[in-house]
Structures are given as C-alpha cells and as structure tokens.
Amino acid sequence: MTNALSKSLLNISPLDEEIKKKNKVISLIRSLSEENPMMGLRGCRLGIVWPEINEMQVKAIFQAACELKLQGINVIPEVMIPLVGMISELQYVKVQLMQVALETIKEYNVELEYKFGTMIEVPRAALTANEIAIEAEFFSFGTNDLTQMTYGFSRDDAEGKFIPIYLNKEILEHNPFEILDQEGVGQLMKLAIKLGKMTRPDLKTGICGEHGGEPSSIKFSHSIGLDYVSCSPFRIPVAKIAAAQAAIENKQE
1 MTNALSKSLL
11 NISPLDEEIK
21 KKNKVISLIR
31 SLSEENPMMG
41 LRGCRLGIVW
51 PEINEMQVKA
61 IFQAACELKL
71 QGINVIPEVM
81 IPLVGMISEL
91 QYVKVQLMQV
101 ALETIKEYNV
111 ELEYKFGTMI
121 EVPRAALTAN
131 EIAIEAEFFS
141 FGTNDLTQMT
151 YGFSRDDAEG
161 KFIPIYLNKE
171 ILEHNPFEIL
181 DQEGVGQLMK
191 LAIKLGKMTR
201 PDLKTGICGE
211 HGGEPSSIKF
221 SHSIGLDYVS
231 CSPFRIPVAK
241 IAAAQAAIEN
251 KQE
C-alpha cells in the first residue's frame, strides 16, 4: 500500500511542478496589476525594471537591419525610447540598449549607422528638453500621452465620462485628444523644440499619435518646425493633403 502511494505521488510530481510554474506566472501577473496603469509601470520604466523586454526588441531590430545590410540594403534603425521624464532614465536605458546594438552588429561583422531618440510624452521631458537632447538624437512628441498628462485627464475615462459634457457645456471647445491643444500642449512642444535645438541644432522632431492625422494639428506642427508627422494608416491620405496645404500656406506667407 505504501509503495503504491509513493509511486502514485511520483507519477504526479511533474504535474505538480507544472502547476507550481503556472501559479508563479499567475502570481507575477497579479503583482503587476496597477491602480492607474497609464501613469505606472510602462514605457522606459518597464524596460528598467524588466530589461530583457527592451533588450529582446532592440536585438530583433538590429538583427533585421544587419540581415538587410548583408543583402546590400542599407537601413538606419532609429530606436525611440518611450515615456522618458528624466535624462537619467534615458541615459540608463540608452547604455543598456546600445550594448545590445553593438554586440549584434559585431556578431554580423557589418558597419551600421543607427540613432537613439525619445518620445516626449511627459511634461517634465518637455521642460528639460535641453538636457534630454544631450542623449536623444531625435524627439517624437507622443501627443496622446502628453495631452493626458498635461490636462491630468485619463483618456480612457475622460472621453467616456465627462469630455462630452464639457463640450456640450462649452467648457472645452474641442476634444483635446482629437484636436491638438495649441495653447497648452502646443506651447510645451514649442518650448521643447527650442530647448532641444539649443543643445542639438540638428535635432529631428516629429509628432505621432492621432493628432498626426488631424489637419489643424498638422498645420500647427508645421508652423513650429516639426520635420514629420506619423499617424494611423487610414489617416495617411488626409495627413498628406494637410501637410501639403500647410507647406503651401507657409510659402505664401
């Protein structure tokens, strides 16, 4: 009887181990749950806490670029580090990821040009853009998050709960997540460009997010000297027309 029980326990041992592993994963997932995830462990913060996530992505980028280089196709990877609020964050992540990039390039024995830049999504990054530009070769304004953090609105909650009421009561003229807030968010962008180019005159700047496909937002982006707009695929035709109109109007002025 005892021997039979021992054999039975031994037989289910691998299953027990599998259950333990799955429970560990479930426990980890639960520990990552946050009260306000939009302001929590995401962007560069996630890459600092869990560096293997960023390292895996950057290795894949540089493997692809090196493979193309060996085929005679020259590409210049641009690694954009998100949600940076302090230069120390950017420095830490950049060192970590440059090591991955250099190791991958060495593995393929090729010469490859590349750039590291950052998203400007946190107001503090815009206000300290002169410091951020020491490490960043380009800025991409993530205006969805920059709007969210400048207003203190949670986009997911605000658009469904009170922005329609604000529009109806004329507290807001436009939904700031659809049409760029030029007086607030726009001024942060202008300041960031000015400060960034004081440090790095050849700094490339652009905008990404839903505003990158909205005509009045594109016109404003052109007026403050952005080099490019990025938007969802279905918005590209509108973005092209708006960008052309902005360029023509600017030339006429």
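The sequence shown begins at 1 in UniProt numbering and counts up one residue at a time. Just so it is clear, CB atoms sit at the ideal spot from N, CA and C, and this is done for glycine as well. Keep in mind that this is a model prediction, so the values were computed, not measured.
Checklist entry - Starting from F177 and walking both ways along the alpha helix (DSSP H), at which residues does that stretch end? => result Note, F177: premise wrong, no alpha helix (DSSP H); not H, not E.
Checklist entry - Out of curiosity, what's the CA-to-CA distance linking W50 and K194? => result A straight line joining the alpha-carbon of W50 with that of K194 spans about 33 Å.
Checklist entry - Counting Cβ pairs, one atom from each stretch, are 3 or more of them under 8 Å apart for the stretch 57-65 and the stretch 13-26? => result A contact is defined here as three or more CB-CB pairs under 8 Å, and the stretch 57-65 fails this definition with respect to the stretch 13-26.
Checklist entry - Considering only C-alpha positions, which residue in the set E107, D227, L167 is nearest to Q63? => result Put simply, of E107, D227, L167 the residue whose alpha carbon is nearest the alpha carbon of Q63 is E107.
Checklist entry - What are the complete beta strand (DSSP E) segments, minimum 3 residues, inside the stretch 169-228? => result For the stretch 169-228, whole beta strand (DSSP E) runs of length 3 or above, ordered along the chain, are 204-208.
Next on the checklist: In chain order, what are the residue ranges of uninterrupted beta strand (DSSP E) at least 3 long that sit wholly in the stretch 88-172?
Outcome noted: With a minimum length of 3 residues, the continuous beta strand (DSSP E) runs that stay inside the stretch 88-172 are 115-120, 138-142.
Checklist entry - If you count every other CB in all the chains shown that lies within 10 Å of the CB of F116, and 16 or more means buried, which is it? => result F116 comes out buried.
Item to check | Same chain only: Cβ atoms within 6 Å of E89, ignoring 5 sequence neighbours per side | outcome: Counting only Cβ-Cβ distances below 6 Å, and skipping sequence neighbours, we find C44.
Next on the checklist: Distance check for D145 and A246, CA to CA, integer angstroms please.
Outcome noted: Cα-Cα distance, rounded: 25 Å.
Item to check | Check whether L28 and E34 have beta carbons under 8 Å apart | outcome: The criterion of a C-beta distance shorter than 8 Å is not satisfied by L28 and E34.
Next on the checklist: Just to confirm before moving on: does the CB-CB distance between S140 and M80 stay below 8 Å?
Outcome noted: Taking 8 Å as the Cβ cut-off, S140 and M80 qualify as a contacting pair.
Checklist entry - Taking the DSSP output, what are the residues bridged to V79? => result In the DSSP output, where bridge partners are listed per residue, V79 has F116.
Checklist entry - Below 8 Å between beta carbons: does that hold for V84 and A133? => result For V84 and A133, no; Cβs fall outside 8 Å.
Item to check | Whole-angstrom distance between I26 and D202, CA atom to CA atom | outcome: If you take the alpha carbons of D202 and I26, they lie about 47 Å apart.
Checklist entry - Can you check whether the CB of G184 is closer than 8 Å to the CB of T150? => result Yes, Cβ-Cβ distance for T150 and G184 is below 8 Å.
Item to check | S232, DSSP secondary structure in three states | outcome: It is coil, neither helix nor strand.
Checklist entry - From this set, L68, V229, L46, G225, which residue's C-alpha is nearest G213's C-alpha? => result G213 has its Cα closest to that of V229, out of L68, V229, L46, G225.
Next on the checklist: Check for me: the alpha helix (DSSP H) holding N54 runs from which residue to which?
Outcome noted: N54 -> alpha helix (DSSP H) spans 51-70.
Checklist entry - Would you call the CB atoms of I120 and G152 closer than 8 Å? => result Not closer than 8 Å, so no.
Next on the checklist: Rounded to whole angstroms, what is the Cα-Cα separation between S217 and K24?
Outcome noted: Spanning the two alpha carbons is a distance of roughly 47 Å.
Next on the checklist: Among the candidates C66, Q71, L70, whose CA atom is the shortest distance from the CA of T104?
Outcome noted: For T104, the nearest C-alpha among the options comes from C66.
Checklist entry - In chain order, what residues of the same chain lie with their CB nearer than 8 Å to the CB of L191, ignoring the 5 residues before and after it? => result Contacts found: A126, L127, A129.
Item to check | Rounded separation between H222 and V95 - CA only | outcome: Distance between the alpha carbons of H222 and V95: 33 Å.
Checklist entry - If you compare alpha carbons, which of I171, G72, G196, K22 is closest to I87? => result Nearest neighbour of I87 by Cα position, chosen from I171, G72, G196, K22, turns out to be G196.
Checklist entry - How should residue 257 be labelled, buried or exposed, when 16 other C-beta atoms within 10 angstroms of its C-beta is the threshold for buried? => result Shown here, the chain extends from 1 to 253; a query on residue 257 therefore has no answer.
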